[in-house]
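Worksheet: one structure, shown below.
What follows is the structure in structure tokens.
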């Protein structure tokens with residue numbers, strides 16, 4: 104039950120202040136339409152209207168609390184998912200930088216490999232010339 108400070112003040116025969124529930128007049132009209140019977144102002148059955156309206160008011164407060172809690176939870180989850188997505192995007196852009204560096208390095212390696220072939224050929228020719236000069240000097 105709600106504390107006294109949270110109870111709703113309502114005039115007898117009126118619906119809940121926030122529009123929840125039915126007023127006594129609405130209940131009487133409904134009974135006349137559905138059952139073709141009337142009810143006096145002091146009929147004890149009208150206590151059920153008051154009780155049910157109070158129940159609906161408390162249920163509405165409970166739904167509001169659940170809605171706030173669920174909204175807060177979903178906001179927290181959304182922030183976590185966005186953070187994970189941001190980290191993944193940064194990692195993906197980092198992968199792209201690494202891939203680009205590897206491509207550049209690969210192109211440089213290809214150039215170096217071509218240069219290495221030329222340098223190996225020059226070294227081999229130089230070595231053959233040195234041997235030829237050494238052998239030619241020894242034969243003289």
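Residue numbers (our numbering): 104 to 243. By construction, the Cβ of each residue, glycine as well, lies at the ideal position given by its N, Cα and C atoms.
Taking C-beta separations shorter than 8 Å and ignoring five residues to either side along the sequence, residue 139 has no partners in its chain. For residue 141, no alpha helix (DSSP H) segment is defined, and its DSSP state is neither H nor E. About 6 Å separates the beta carbons of residue 125 and residue 152, which is inside the 8 Å limit, making them a contact pair. Between the C-alpha atoms of residue 190 and residue 156 there is a straight-line separation of about 51 Å. If you check the CB distance, residue 149 and residue 130 come in under 8 Å.
In this structure, residue 123 lies away from residue 167, with their beta-carbon atoms at least 8 Å apart.
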